[in-house]
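Reading through the structure tokens given below for one structure.
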Amino acid sequence: MKVKYLRKQCLEQVLAQCSGKAGALKKEMSLFDLVLLGLGAIVGTGVFILTTKSSIEAGPGVVFAFLVAAVACILAALAFAEFASMVPVAGSVYKYTYITMGEVFAWMIGWTLMLEFIVGAASVAVGWSKAIQDLLALYNISLPQALCSAPGIIPGSYFNLPACVVVFLIAALLWVGVRQSKKANNVMAVIKVALILIFIFACFGSIKVYNFTPTLPMGVGGVFTAAATLFFAYVGFDLVASAAEETKNPRTALPRAIMLSVGITTVLYILFALVATGVVPWKVFLEHKDMMAVTLATQLTGKWLIGLIITMGLVVGLAAGVLANTYSQIRLLFCMARDGLLPQCFCALHKKHATPMHATWIAAIVIGVLAGLVDLNILADAYSLSTLFAFAFVSLGVIILRAQQPNLPRPFRAPLVPWLPILGILINLYLMSRVQVLSSWLVFLGWMVIGVPIYFLYSCKHSKLGN
Numbered sequence: 000m001k002v003k004y005l006r007k008q009c010l011e012q013v014l015a016q017c018s019g020k021a022g023a024l025k026k027e028m029s030l031f032d033l034v035l036l037g038l039g040a041i042v043g044t045g046v047f048i049l050t051t052k053s054s055i056e057a058g059p060g061v062v063f064a065f066l067v068a069a070v071a072c073i074l075a076a077l078a079f080a081e082f083a084s085m086v087p088v089a090g091s092v093y094k095y096t097y098i099t100m101g102e103v104f105a106w107m108i109g110w111t112l113m114l115e116f117i118v119g120a121a122s123v124a125v126g127w128s129k130a131i132q133d134l135l136a137l138y139n140i141s142l143p144q145a146l147c148s149a150p151g152i153i154p155g156s157y158f159n160l161p162a163c164v165v166v167f168l169i170a171a172l173l174w175v176g177v178r179q180s181k182k183a184n185n186v187m188a189v190i191k192v193a194l195i196l197i198f199i200f201a202c203f204g205s206i207k208v209y210n211f212t213p214t215l216p217m218g219v220g221g222v223f224t225a226a227a228t229l230f231f232a233y234v235g236f237d238l239v240a241s242a243a244e245e246t247k248n249p250r251t252a253l254p255r256a257i258m259l260s261v262g263i264t265t266v267l268y269i270l271f272a273l274v275a276t277g278v279v280p281w282k283v284f285l286e287h288k289d290m291m292a293v294t295l296a297t298q299l300t301g302k303w304l305i306g307l308i309i310t311m312g313l314v315v316g317l318a319a320g321v322l323a324n325t326y327s328q329i330r331l332l333f334c335m336a337r338d339g340l341l342p343q344c345f346c347a348l349h350k351k352h353a354t355p356m357h358a359t360w361i362a363a364i365v366i367g368v369l370a371g372l373v374d375l376n377i378l379a380d381a382y383s384l385s386t387l388f389a390f391a392f393v394s395l396g397v398i399i400l401r402a403q404q405p406n407l408p409r410p411f412r413a414p415l416v417p418w419l420p421i422l423g424i425l426i427n428l429y430l431m432s433r434v435q436v437l438s439s440w441l442v443f444l445g446w447m448v449i450g451v452p453i454y455f456l457y458s459c460k461h462s463k464l465g466n
């Protein structure tokens with residue numbers, strides 16, 4: 000029984016499987032496309048929407064919170080880069096775990112990744128809804144109150160219709176094909192990076208040094224609490240690995256794209272946080288909890304036109320986060336179904352577009368309903384929990400595979416193994432402990448509890464490795 004549940008795929012099997020008929024995904028992604036996929040997934044709701052919440056928790060020390068979250072992501076990115084160079088197939092951490100730890104652990108991490116991608120796409124969709132409503136408000140246009148927010152967020156609200164709509168629009172784009180999706184994502188990612196640069200250059204001259212005091216109004220604990228939230232702002236580089244089977248030269252392009260996307264966003268975020276907290280006093284963040292840091296800063300400096308440009312750009316740019324997370328969710332469902340752990344309908348490809356047709360629309364329905372019904376803060380923290388858990392697993396996987404098969408070819412080698420992966424695991428687990436929203440923990444733990452019987456009642460019996 001022990002062997003049955005801990006059976007492992009070997010690397011040769013995995014590479015052979017994705018080169019067969021079931022893995023006939025079109026190779027359309029270059030290094031440039033992968034970097035923009037990473038930037039499109041990373042830059043978005045986390046930095047634009049959640050900076051205000053994190054600044055309340057950490058004050059000007061939110062800069063240090065961004066740094067702590069960045070360290071956790073960089074350590075995980077090194078592990079991801081090593082695995083991605085060795086195992087260039089769809090499935091990301093799920094596939095890495097299948098090779099190193101066995102099937103039951105692969106199922107649980109795959110199940111966790113499902114939560115990450117579903118919640119990630121839904122949370123960015125909610126952020127997009129907020130951006131479109133802020134833009135419409137500038138022209139004195141408002142949506143019906145019942146259809147502009149999740150139940151209970153504002154009086155009389157029942158469903159966040161804009162968030163649901165953008166999910167289905169993105170799903171339609173993904174269904175048509177990866178080439179069209181790639182072009183759309185590239186445009187949206189460039190727009191988001193440009194928005195951050197516009198904000199930094201426009202408001203840098205308005206920084207007041209006295210706004211940086213007190214630097215840590217909530218103490219060091221406030222910094223780590225904010226870091227647990229801001230971890231959400233960095234997550235997305237792992238989605239690059241989901242495009243492995245659609246990438247040209249994946250063994251070199253994947254690790255480079257992962258490290259480049261994390262490095263670029265870290266620099267942008269630190270500069271963004273310095274400008275935002277240097278322009279907006281901490282007490283102003285406390286008084287305007289529902290406003291974006293960008294909006295507060297541009298209003299205080301009188302740069303209304305810059306604020307309008309950023310708000311308009313966000314409507315386009317945030318859609319890239321929905322696209323990247325939904326794309327990764329579809330590829331994960333495809334990969335797990337190909338292994339027999341999910342029903343075969345999830346790996347059925349459209350005859351014309353060569354995209355997973357059933358997985359695309361099933362994912363869209365789940366994500367759309369969640370985006371319409373759940374609050375952003377709960378989604379963001381649940382996203383952070385599931386991602387931190389997955390990142391701890393991939394760091395552990397690097398240690399195990401180095402010990403089990405030290406001579407395997409590794410086009411990219413993470414440095415200082417096992418010490419840096421161990422540090423990454425500890426930081427990830429500590430940041431998980433700093434997530435203080437009970438409802439987010441209930442979502443995470445409830446999801447994990449649901450996953451256990453599904454594996455033993457269905458996945459274990461239908462596993463192609465077992466049969």
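Here numbering that gives the first Met the number 0 is used: the first residue of the sequence shown is 0, the next is one more, and so on.
Built from N, CA and C at the ideal position, the CB exists for glycine as well.
Going by the DSSP bridge assignment, what does Pro355 pair with across the sheet?
Leu348
Is the distance from the Cβ of Leu469 to the Cβ of Ser394 below 8 Å?
Not covered by the structure: residue 469. The range shown for the chain is 0 to 466.
What's the gap between the Cα of Met55 and the Cα of Leu196?
Before going further, note that residue 55 is Ile rather than Met in the sequence given. Their backbone Cα atoms lie some 23 Å apart in a straight line.
Ends of the alpha helix (DSSP H) at Ser29?
Element bounds for Ser29: n/a, residue is neither H nor E.
What are the boundary residues of the alpha helix (DSSP H) that Asn427 is part of?
Note, Asn427: alpha helix (DSSP H), 418 to 433.
Assuming Ser141 and Asn159 are in contact, meaning their beta carbons sit under 8 Å apart, how far apart are those beta carbons, in whole angstroms?
Actually they do not touch by this definition, with Cβ atoms about 14 Å apart.
Determine the closest residue to Ala78 out of Leu400, Cys163, Leu428, with distance taken between C-alpha atoms.
For Ala78, the nearest C-alpha among the options comes from Leu400.
Where does Thr212 sit, in a helix, a strand or coil, going by DSSP?
coil
Just the C-alpha distance for Glu11 and Leu407, rounded to the nearest angstrom, thanks.
11 Å
Can the beta-carbon of Ser502 be found closer than 8 Å to that of Tyr326?
With the chain running from 0 to 466 in the structure shown, residue 502 is simply not present.
For Thr354 versus Lys26, is the C-beta distance shorter than 8 Å?
No.
Please work out which residues of its chain come closer than 6 Å, Cβ to Cβ, to Pro249, disregarding the five sequence neighbours upstream and downstream, and give them in chain order.
Pro87, Ala243
The alpha helix (DSSP H) with Thr300 in it runs from where to where?
No alpha helix (DSSP H) contains Thr300, which DSSP labels as neither H nor E.
Return the first residue and the last residue of the alpha helix (DSSP H) that Met335 is part of.
318 to 337
What's the gap between the Cα of Val448 and the Cα of Val103?
14 Å
Could you check the C-alpha separation between Gly119 and Ile41 for me, to the nearest Å?
10 Å
Measuring CB to CB, does Val266 end up less than 8 Å from Cys202?
no
Taking just the CA atoms, how far does Ala227 sit from Pro216?
17 Å
Using a 10 Å radius around the Cβ and a threshold of 16 neighbouring Cβ atoms, would you call Phe388 buried or exposed?
buried
Going straight from the alpha carbon of Asn184 to that of Leu172, what length do you get?
10 Å
Identify, in the order they occur along the chain, each residue of the same chain with its Cβ nearer than 7 Å to the Cβ of Val416, setting aside the five sequence neighbours on each side.
Val397, Ile398, Arg401
Helix, strand or coil, according to DSSP, for Asn185 in the structure here?
helix
What number of angstroms, rounded off, separates the C-alpha of Ser438 from the C-alpha of Gly155?
22 Å
Going by the beta-carbon positions, is the gap between Ser383 and Phe271 smaller than 8 Å?
no
I need the boundaries of the alpha helix (DSSP H) containing Arg255, first residue and last residue.
249 to 278
With DSSP as the reference, please indicate the residues paired to Asn159 in a beta bridge.
Cys147
Please list the terminal residues of the continuous alpha helix (DSSP H) segment that includes Lys94.
92 to 99
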